[in-house]
Amino acid sequence: METIALLIAVAVLVEGLVEYVKAIVKVFTEGDVKTGITQLCVVGIGILLALVTGANLFTALSIHVIYS
199 METIALLIAV AVLVEGLVEY VKAIVKVFTE GDVKTGITQL CVVGIGILLA LVTGANLFTA
259 LSIHVIYS
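Residue numbers (our numbering): 199 to 266.
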């Protein structure tokens with residue numbers, strides 16, 4: 199069961215990262231600066247909130263990840 203939770207969590211994270219990269223690429227290819235600024239702000243706020251609160255998705259799902 200832990201493996202399934204890990205796979206789903208990683209899939210959601212990868213999908214989110216792909217969407218952010220697509221939005222940032224859109225800034226350079228189509229000149230959509232407003233979308234790029236919005237996405238970068240959202241990423242910054244998300245990272246800041248995760249660091250300040252100590253949020254950890256894997257711990258919340260009871261998945262033990264070994265950092266080397």
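Heads up, the beta-carbon is just placed ideally off N, CA and C, and yes, glycines get one too. Since the model is a prediction, treat every value here as computed from it, not as a measurement.
_Going by C-alpha to C-alpha distance, which of 255, 228, 217 and 258 sits closest to residue 240?_
If you number the sequence shown from 1, residue 240 lands on position 42. Looking at the Cα atoms, 217 is the closest of the given residues.
*Between residue 264 and residue 223, what straight-line distance do the alpha-carbon atoms span, to the nearest angstrom?*
Position 66 of the sequence shown, counted from the first residue, corresponds to residue 264. Position 25 of the sequence shown, counted from the first residue, corresponds to residue 223. Approximately 32 Å, taken between the alpha carbons.
*In its own chain, which residues sit with a C-beta less than 7 Å from the C-beta of residue 259, not counting the 5 before and 5 after it?*
Counting from one through the sequence shown, the residue named residue 259 turns up at place 61. Here the set comprises 203 and 207.
*Under 8 Å between the Cβ atoms of residue 299 and residue 219?*
This structure cannot settle anything about residue 299, because the visible part of the chain is limited to 199 through 266.
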